[in-house]
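I have placed the structure first, in the form of structure tokens, so that the comments after it can refer back to it.
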Amino acid sequence: METNRNYVIDFDSTFTQVEALDILGEISLSGKPNREQLLADLKSLTDRGMEGGLSLRESIQKRLELLQAEKSHLEPLIESLKGKVSSSFVRNEDFFQENKDNIFILSNGFKEFIVPIVSQYGIKEENVFANSFMFDDDGKIVGFDKDNVLSSNNGKVEQLKALELKGDVYVIGDGYTDYEIKAAGLANKFYAFTENVSRDKVTAKADHITPSLDEFLYLHKMNKAISYPKNRIKVLLLENVHEDAVAIMKKEGYNVSTYAGGMDEDELAEKIKDVSVLGIRSKTQLTKKVLDNAQRLIAVGAFCIGTNQIDLEECLKKGVAVFNAPYSNTRSVVELAIGEIILLMRNLPDRIAEMHQGKWNKSASGSYEIRGKKLGIVGYGNIGAQLSVVAEAIGFDVYYYDLVERLALGNATKCSSLQELLETVEIVTLHVDGRASNQNLIGEEQFQQMRDGSILLNLSRGQVVDVEALKKHISSGKIKGAGIDVFPKEPKTNNEKFESELCGLPNVILTPHIGGSTQEAQENIGNFVPGKIIDYINTGGTTNSVNFPNLQLPSLENAHRLIHIHHNKPGIIAHINKTLAANDINIVGQYLKTNETVGYVITDIDKAYDADVIKELKGIEGTIKFRVLY
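Residue numbers for the sequence shown, in full-length UniProt numbering: 1 to 630.
Here it is, written out as structure tokens:
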């Protein structure tokens, strides 16, 4: 006979992402001149009470005194809390509905705001045990019911004793008072819930640290919204990826680690062994050697435009989807290009340096406006095309060259060859990708084709310009000035010394690969790339993947989704469908896309299936990766 299970769950910072009294303070103290200090004091009192450093009753009393709250403040508080239920609780609503008779909310908070929140998830009001406010005749909160055991230290223990629950008891909470239940022998296990806050004194006492409800349900083999707990998806983000990306992935429930710099091949090959998602920028090289060690890798995020630092074909062979941010920093690069062109045309790098040395050199010699000048754009993709529009708007005559047929924007003129462009324009700006064929795209021959006194910008990839040849032609005066943001060899961290043959040359702007390094661009990238990775993990959608067949998928409803990545060879989808049919499994939806290397099949099936079916699907010859979404 199965043992009855009871689940005792805390409210503040467990059921919800926040401490409710802190939110009440934001409402009740609105407009107060010392609001910020009062809120800081309120949070301090909350933390001291939760960690056991202050008596519970004293913590409650002092917080209520600070709040200056009224009954009228409770309605906006409740509305706010409805949007702040913990993410893993929201996605596992079925757990609460299915176990509502055995779920108990035990909180040192207050029923007045707890009941309206938890009742939405099917939890019974009679299963909610918490404090109660006391109001005066004007509706002001003046205190709390001191006869309630939950207003005193060890109150949760006393309350649970009174309940006399039959069967196993599991406690989920973030505070020391939740641990005390286990310490008193009233619970089988205490799970320290760290999705919203982690308190060292509490986690040190826990039987198990539970970063999300998914983890708890996984451990207990219960129904869950996903096929595995999200905290078991280990994410490694390198090169100072924007803090928004870190926050988004942590909020999703992933186990996120960050590293400020890039990593060399050997170091990354070691670190990547248990990583599910890798996030990099331009310095880190994701090679075959690294990927051979990445046994758990599901997806890679390139938090930049380019992906030449990633072995895309090897990722594809291993069933690893790669996502980048093709548009997020376009404007930033365009603005830097325009700014550098103006500086170089005015010979300002040298004038600025002279001023810092105390030299006053007021002269118009060699200084020109950009209006009417011929600008040549090599590479007419996202950046090149936007640069074309902006440049024309401020007076340039724009010419462009691209290997791919591109429609001219505005009055831009298409050149039939790179040589034609170089011989025509006064300013050349490079916006090409890092493919091998672009190695030394601008070398000795191309410099010879340029007009005397030309200006060159390279804000694309370091290897597309022969640096020795560039130095030669700057020194000779053939090239009037240059703006270089990318280099064949770049430091992996800000602590490494930068060295280049271009250092010290006249009218040359050297920047440390910051074309896309604006707050706006990094924020855009930090929000865009995680969204694509999360969608891939949660639904199997591969929209905007740079190496996978692109599939945009509907949301999964009342079905299992089988994701099958395989070598592109005949008969595999037939084998999949034959296996499902042999086991009387109904297909409710199926999506297929292939490229030259892999096939990507998504199959939605009815809820019921046998574990042997999954084993057989994984064993189909040619399978690269297989996973199930619930």
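The beta carbon of each residue, even a glycine, is placed where N, CA and C say it ideally should be.
### Message
Quick check on DSSP: helix, strand or coil for TYR254?
### Response
In the three-state reduction of the DSSP assignment, TYR254 falls in the coil class.
### Query
How is TYR630 classed by DSSP in three states: helix, strand or coil?
Three-state result, TYR630: coil.
### Message
For a test of the three-state rule: what should DSSP assign to ARG5, helix, strand or coil?
### Response
Looking at ARG5 - three-state DSSP - the assignment turns out to be strand.
### Message
Using DSSP's beta-bridge definition, name the partner residues of ASP168.
### Response
When beta bridges are read from the DSSP output, ASP168 appears opposite ARG5.
#### Entry: For MET134, the first and last residue of its enclosing beta strand (DSSP E)
Going by DSSP, MET134 is part of the beta strand (DSSP E) stretching over 133-135.
### Query
Do you know whose CA, among LEU348, PHE96, THR493 and VAL613, lies nearest LEU217's CA?
The option with the nearest alpha carbon to LEU217 is PHE96.
### Message
Can you find the residues in the same chain that come closer than 7 Å, C-beta to C-beta, to GLU93, ignoring five residues on each side of it along the sequence?
### Response
The residues are TYR121.
### Query
So, is ASN6 buried or exposed, given that buried needs 16 or more other C-beta atoms within 10 angstroms?
By the Cβ-count criterion, ASN6 is buried, with 16 or more other Cβ atoms from all chains shown falling within 10 Å of its own Cβ.
### Query
Exposed or buried, which one is ILE105 when buried takes at least 16 other CB atoms within 10 Å?
By the 10 Å Cβ count, ILE105 comes out buried.
#### Entry: Host alpha helix (DSSP H) of ILE587 (start-end)
Judged by DSSP secondary structure, ILE587 falls outside any alpha helix (DSSP H) and instead within the beta strand (DSSP E) spanning 587-594.
### Task
Identify, in the order they occur along the chain, each residue of the same chain with its Cβ nearer than 7 Å to the Cβ of LYS250, setting aside the five sequence neighbours on each side.
Cβ-Cβ distances below 7 Å link LYS250 to VAL256 in the same chain, with the five nearest sequence neighbours on each side left out; the list follows chain order.
#### Entry: Integer-rounded CB distance, given that TYR401 should sit under 8 Å from SER388
Contact between SER388 and TYR401 is ruled out by a C-beta separation of about 12 Å, above the 8 Å threshold.
#### Entry: Close-in-space but distant-in-sequence residues of the same chain around SER119 (CB under 7 Å, 5 per side omitted)
Excluding positions up to five away in sequence, the list reads GLU125.
### Message
Give me, in chain order, the residues of the same chain whose beta-carbon lies closer than 7 Å to that of MET1; leave out the 5 immediate sequence neighbours on both sides.
### Response
Because MET1 sits at a pLDDT of 48, beneath the cut-off of 50, its placement in the model cannot be relied upon, and the following sentence gives the value as read from the coordinates. Non-local C-beta neighbours of MET1 in its own chain, meaning closer than 7 Å and more than five positions away in sequence, are absent.
### Task
Could you tell me the distance, in whole angstroms, from the CA atom of ALA299 to the CA atom of ARG627?
Each residue's alpha carbon lies about 13 Å from the other.
#### Entry: Nearest neighbour of LYS234, chosen from LEU278, GLY599 and VAL241 [CA to CA]
Checking every option, the nearest Cα to that of LYS234 belongs to LEU278.
### N- and C-terminal bounds of the alpha helix (DSSP H) containing SER388
Counting along the chain, SER388 sits inside the alpha helix (DSSP H) bounded by residues 382-393.
### Query
Is the number of C-beta pairs between the segment 11-19 and the segment 190-208 that are closer than 8 Å three or more?
Contact between the segment 11-19 and the segment 190-208 is present: three or more C-beta pairs spanning the two stretches fall below 8 Å.
### Query
Considering ASN108, what are the terminal residues of the alpha helix (DSSP H) in which it resides?
Not the alpha helix (DSSP H): ASN108 falls in the beta strand (DSSP E), residues 103-110.
### Task
Indicate whether ILE427 and SER454 have their beta-carbon atoms separated by less than 8 Å.
Yes, the Cβ-Cβ distance between ILE427 and SER454 is below 8 Å.
### Task
Just the C-alpha distance for ILE103 and ILE9, rounded to the nearest angstrom, thanks.
So the alpha carbons of these two residues sit roughly 7 Å apart.
### Query
If we ignore side chains and look at the alpha-carbon of each, how far apart do THR3 and LYS166 end up?
Between THR3 and LYS166, the C-alpha separation is close to 9 Å.
### Message
Rounding to the nearest angstrom, what Cα-Cα distance links GLU520 and ASN329 in this structure?
### Response
Cα-Cα distance, rounded: 8 Å.
### Query
Roughly how many angstroms lie between the CA atoms of LYS62 and ASN524, to the nearest whole one?
A direct Cα-Cα distance of roughly 42 Å separates LYS62 from ASN524.
### Task
Please list, in chain order, all residues of the same chain as PHE396 whose beta carbon is under 7 Å from its beta carbon, the five residues on each side excluded.
Only ILE370, LYS373 and LEU375 meet the Cβ criterion.
### Task
Using beta-carbon positions only, say whether SER55 and ASN153 come within less than 8 Å of one another.
Contact annotation: SER55 and ASN153 have beta-carbon atoms nearer than 8 Å.
### Query
Would you say VAL464 and GLU501 are within 8 Å of each other, going by their C-beta atoms?
Taking 8 Å as the Cβ cut-off, VAL464 and GLU501 do not qualify as a contacting pair.
### Task
Following the continuous beta strand (DSSP E) through ASP604, name the residue where it begins and the one where it ends.
Start and end: 598-605.
### Query
Out of curiosity, what's the CA-to-CA distance linking LEU430 and ASN411?
Their Cα atoms are separated by approximately 19 Å.
### Task
If I'm right that ILE310 touches PRO326 with Cβ under 8 Å, what's the distance once you round it to whole angstroms?
Contact between ILE310 and PRO326 does not hold, since their C-beta atoms are separated by about 14 Å, which reaches or exceeds 8 Å.
### Task
Verify whether the separation of the beta carbon atoms of LYS585 and ASP606 is less than 8 Å.
Looking at the sequence itself, residue 585 is Ile, so the reference to Lys does not match. For ILE585 and ASP606, yes; Cβs fall inside 8 Å.
### Query
What do you reckon, are the CB atoms on ILE209 and LEU236 nearer than 8 Å?
In this structure, LEU236 does not lie closer than 8 Å to ILE209 by Cβ.
### Query
Could you give the distance in angstroms between the alpha-carbon of GLU215 and the alpha-carbon of VAL508?
As the crow flies, the alpha-carbon of GLU215 is around 55 Å from that of VAL508.
### Query
Count the other CB atoms within 10 Å of the CB of TYR191; is the residue buried (16 or more) or exposed (fewer)?
Residue environment analysis places TYR191 among the buried positions, since at least 16 neighbouring C-beta atoms fall within 10 angstroms of its C-beta.
### Task
From the DSSP output, read off the bridge partner residues of GLY143.
MET134.
### Query
Out of curiosity, what's the CA-to-CA distance linking PHE133 and ILE172?
Roughly 25 Å separates the two Cα atoms.
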